[in-house]
Every structure is written in C-alpha cells, then in structure tokens.
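Heads up: the protein sequence lines correspond to chains A and W, in order.
Counting from 1, one number per residue, gives the positions in the first sequence under the numbering used here.
Counting from 1001, one number per residue, gives the positions in the second sequence under the numbering used here.
Glycine is no exception: its CB is placed at the ideal position from the N, C-alpha and C atoms.
Small disclaimer: the values here were computed from a predicted structure and weren't measured.
Here the structure comes first, spelled out in structure tokens, and everything after it is commentary.
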Amino acid sequence: MADRSSGGLLRLALAVGVPSALLLAVASTTTAGASDGMLVRFVNAALTSFTLASFILMVLLMVYGDRRKRPIAPLAGMLAAGLVGAGVTAFFLSQGDLLMEANGSVRAQMLSNTIRFSTSLLALMLTGVLTFGVLLATVMHRGRAPLSFEEE
Amino acid sequence: MEEQSLALFFFWLPGVAIVAGLILALLSKTGSVRRVAAMVTGASLLLVLSTPWTVPSSPSSAFGHFIGSVLGPCVLLGVGLHNVGFSGNVPVGRLSNNDRNAGIAMLVLGGGWLLAMHWGPLTPTYPSQVNGYWLVFWSTVVLVTPGVGAGLLVLVRTYGDERHAEQRMLGMLALTLLLVGLAGLTVDGPTLSSSAFADAMWLAAADVFGMVVGLGAAMVVLALVLVVYERQMTPPPVAQGPSEHDLERVTTILQSNLSGGESDRG
Chain A
1 MADRSSGGLL
11 RLALAVGVPS
21 ALLLAVASTT
31 TAGASDGMLV
41 RFVNAALTSF
51 TLASFILMVL
61 LMVYGDRRKR
71 PIAPLAGMLA
81 AGLVGAGVTA
91 FFLSQGDLLM
101 EANGSVRAQM
111 LSNTIRFSTS
121 LLALMLTGVL
131 TFGVLLATVM
141 HRGRAPLSFE
151 EE
Chain W
1001 MEEQSLALFF
1011 FWLPGVAIVA
1021 GLILALLSKT
1031 GSVRRVAAMV
1041 TGASLLLVLS
1051 TPWTVPSSPS
1061 SAFGHFIGSV
1071 LGPCVLLGVG
1081 LHNVGFSGNV
1091 PVGRLSNNDR
1101 NAGIAMLVLG
1111 GGWLLAMHWG
1121 PLTPTYPSQV
1131 NGYWLVFWST
1141 VVLVTPGVGA
1151 GLLVLVRTYG
1161 DERHAEQRML
1171 GMLALTLLLV
1181 GLAGLTVDGP
1191 TLSSSAFADA
1201 MWLAAADVFG
1211 MVVGLGAAMV
1221 VLALVLVVYE
1231 RQMTPPPVAQ
1241 GPSEHDLERV
1251 TTILQSNLSG
1261 GESDRG
C-alpha cells in the first residue's frame, strides 16, 4: 500500500493543482492572462457564493432544527450572514466601477453574478459526475475477490 | 407586460422554484410533498428552457438557451455512467450487457457532442454569437476536471489496495480532459478562437477560486453560529447517583438470582 504519511497531503495538493496550473500557464501564452477583470470576477464570485451559500445553509439548518426543538437563533444567524453578504455586495457594486462588469446597474450585476454562479456550479457538478461516476463504474466492474478461508 | 416583469415570471421565479423544489424533493420525509416538489421542479425547468421564446429580449434568456444546449450531452453522460456502473458486479438490480453497451455508446455520444460544441458545428450561439454561459461552463469543466481526477487518483492510490484499474481509468479521464484543454488553447474552433477560450479559462479560474473562498467563509460562519448557539444552551440536569437504599436493593436482587439454591449442590 502506498505511503500514508503527511507527504500524502502534499501529493494530493500537487495532483489537484498542477493540471490546472499547466492549463493556465498555456492560456497565459495566448492571452494577456491575469488582469483587473480577473480580480473583479474573483471578488464578485466570492461575495455571490458567500451570500447564496448562507441562504442555502439556512435552509439546511431547518433539518438540524428538527433535532433541537426548532431553535430560532441559528436560523437568524445564517439569515443575518446572508443579508450581510447581500448588503456588502450591493455596497461595493454601487461604488462606481469597482466591481461592475458589463452591466448597466447594480441589480443587473447582482443577477448576472447569480446566473454565473449557477453556471459554474453546474460545471462543477458535471465534473463530480464524471470523476466519481468513472470511479464508481470501475469499482463495480472489478471481478469478485474469491472468499478465502484460513486453514483450520 | 414589460421585459423585467416577463423575466421575473418566466425566468427568476421558476429558477427559485427549481432550487426550492430540489431541496424539498431531496429532504422532505413526506412522499406527497416529494412528488409535488418534483413536478414543480420539472415544470419550472421547462419554463426556464423556454425563455429564448418567452423573453427573448432579456439577457437572462441566454441562460435558458445554455441549459437547453448542454442538457443533452450531460444526460447522456450521466445515464451512460449509470448503465456502465450498474451492469457490473452489483448484488441487486444488475443491468444487462445490452444496457452496458448502450451506456458505453451514450458516453461516446455525450463526449463527442461536447467536443462538437467546441470544434464542430454544434457550438451554442445566442442570438448570433457564442453563448457566454456555455463558454463559462465548458472552460470550467476543462479546467477543473483534470485536477479533480488526478486528486481522486492520488486518494485511491493512497487509501486503496490493489486498485490499479481505478487508477488507470481516473488517469485516463484526467489526461483526456487535460489534452482537450490544451487543444482548446491552441486550436481554433469554427466559432471559438483559442485566445477567447484562454480568456474564458482565466475567468473560470477566478470564478472557481472565488466560489471556494465564498463557500468556505459561509461554512465557517455556519460553524461559528452553531458553536455559539450550543454553548448558550443550558446543560441538561445531571442524574444523581444511586442511594444506599438503591444499592442494597440491587445487591439483594443480584444475590437472589446468582445463587441456584438447592440445585447448585452436588
């Protein structure tokens, strides 16, 4: 069996990061690469995912609440987190061209961010289906290991 | 009705209904609620898919067009993997060899369909240029899948015993998507240039990194909320230990049951 030492974490990080880094390195030869647009996109994506994830986690907290006599405090906490995320997003979007992309208004930019988040989420879901589906299909196609009994 | 109202009724409300319906369909314990949620999700998906006809002037309709464009290959890939997987050594509900062959054909067709959307005549264009959401989707898939596949390979190698076939398949998947990405960055398609794909890939990297940061921050906030709440709970009353009277009673019961009396002798 392979080594399970702390070096395994480094190998995992390298395996995940190197293919993407290679693709981005090649991409940088055909385009300007990192630019202001990337930073704006990153901040928009982070704020949007924080806000939407907070609201979705608030819904999931209702399941948690079934086991805790339906408390209000955690729901209110995540609702507040989502509202803070939406407020911060709206605040920064209204500061001129700081976070605005090719959209005419703050509302249009926020809706555009939401659709883009959904699109990226669908892409990540397809990635998950492909990788785990291939792994599952291969595992299920292994020949059954013969039962081995120790000699009495 | 003005454009914004149409977009609200034909795109955004159905979009919210899809999310709510999926959550209810997955989490509800009541069968009838799950069925209604599934029907609402299906009807809402149809409304979103029809936005290129119902609200063609809204920018949101490009998302409906994108969903309609990728639905076919994604369903083929998902059903294909299901057929191939469940025609293997599963104890119950094993599919036939014909299903397995149909699954392989679906995988080839779905993969080929996606490639034809980049280099062939099937590129989603809406209304007259490449659909931006498809570009986001495709560049994200090509950027992330090789890394996830390679990461899974390392995990299988580290924690699995004799899992060589799984490592080979994951390696092939990661390598294939890596080569597709490199081809996309060097070979122009009929409607999509390599430089446009490179730009989209950089933006996809920013998107994914931002999503990871945002989701991580939301998870941290959730953990903090739960920790604060649980710490404010009053501790449950601690039960007192058994009294002398209880101990004497237990001793008496034990003694009367441990001793066999007359039948123990001899």
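Output needed in chain order: residues of the stretch 82-94 of chain A with a Cβ under 7 Å from some Cβ in chain W. none
Measuring only between beta-carbons, confirm whether L98 of chain A sits less than 8 Å from chain W. no
Burial state of A2 of chain A, where buried means 16 or more other Cβ atoms lie within 10 Å: Unreliable positioning characterises A2 of chain A in this predicted model, as indicated by a pLDDT of 48, which lies under 50. The coordinate reading is nonetheless provided below. Flag for A2 of chain A reads exposed.
Determine, using beta carbons only, whether H1065 of chain W and P1124 of chain W come nearer to each other than 8 Å. yes
Secondary structure at G1266 of chain W, three-state DSSP: helix, strand or coil? A caution first: G1266 of chain W carries a pLDDT of 49, below 50, which makes its placement in the model too unreliable to give a value.
I think G85 of chain A touches L136 of chain A, with their Cβ atoms under 8 Å apart; what is that distance to the nearest whole Å? Not really, about 35 Å apart at Cβ, beyond 8 Å.
Where the stretch 1111-1144 of chain W meets chain A: residues whose CB sits under 7 Å from a CB there: Y1133, V1136, F1137, T1140, V1141, L1143, V1144
Residue range of the alpha helix (DSSP H) that includes T114 of chain A: Here the alpha helix (DSSP H) through T114 of chain A covers 106-140.
Compare the C-beta of L1008 of chain W against all C-beta atoms of chain A and say whether one is closer than 8 Å. no
Out of W:G1216, W:L1143, W:M1233, point me to the one whose CA is closest to P19 of chain A's CA. W:L1143
Whole-angstrom Cβ separation of V1136 of chain W and T1191 of chain W, contact assumed at under 8 Å? Between T1191 of chain W and V1136 of chain W the Cβ distance is about 16 Å, and since that is not below 8 Å, they are no contact.
Neighbouring residues, chain A, relative to V1090 of chain W (Cβ below 9 Å): M140
Which value, in whole angstroms, describes the spacing of the CA atoms of G1068 of chain W and A1102 of chain W? 23 Å
Answer with buried or exposed for D1161 of chain W, where buried requires no fewer than 16 other C-beta atoms within 10 angstroms of its C-beta. It counts as exposed.
Kindly indicate which three-state DSSP category V1130 of chain W falls into: helix, strand or coil? strand
Beta-carbon neighbours of A1150 of chain W, restricted to chain A and to distances below 8 Å: A15, V16, V18, P19
I'd like to know if I1104 of chain W contacts chain A, where contact means its C-beta is closer than 8 Å to some C-beta of that chain. no
Can you tell me where the alpha helix (DSSP H) with S1005 of chain W in it begins and where it stops? Element bounds for S1005 of chain W: 1003-1007.
Sequence-distant residues of its chain with Cβ nearer than 8 Å to R41 of chain A (five each side left out): Answer for R41 of chain A: E101, listed in chain order.
With distance defined between alpha-carbon atoms, name the residue in W:L1179, W:L1152, W:T1176, W:L1178 nearest to E1166 of chain W. When C-alpha distances from E1166 of chain W are compared across W:L1179, W:L1152, W:T1176, W:L1178, the shortest belongs to W:L1152.
Could you spell out the range, first to last residue, of the alpha helix (DSSP H) harbouring M78 of chain A? Residue range 73-93 is occupied by the alpha helix (DSSP H) that includes M78 of chain A.
Residues of chain W with CB under 9 Å from G104 of chain A, in chain order? In chain W, no part has a C-beta under 9 Å from the C-beta of G104 of chain A; the shortest such distance is about 10 Å.
On the three-state DSSP scale, how would you describe T31 of chain A? coil
Would you mind working out which of W:T1140, W:L1254, W:A1043 sits nearest A1200 of chain W, comparing C-alpha positions? W:T1140
What residues of chain W sit near N78 of chain A, judged by a beta carbon separation below 8 Å? In the sequence on display, residue 78 of chain A carries Met and not Asn. Under the 8 Å cutoff, chain W gives V1221, L1222, V1225.
Quick one: residues in its chain with C-beta nearer than 6 Å to the C-beta of S1044 of chain W, no 5 flanking neighbours on either side, listed in chain order? P1014, A1017, I1018
Backbone CA spacing between G1078 of chain W and L1026 of chain W [nearest angstrom]: 18 Å
Anything in the stretch 1185-1196 of chain W with a Cβ closer than 7 Å to a Cβ of chain A? List those residues in chain order, please. L1185, S1194, S1195
For a cutoff of 8 Å on Cβ pairs, would you count M38 of chain A as touching chain W? yes
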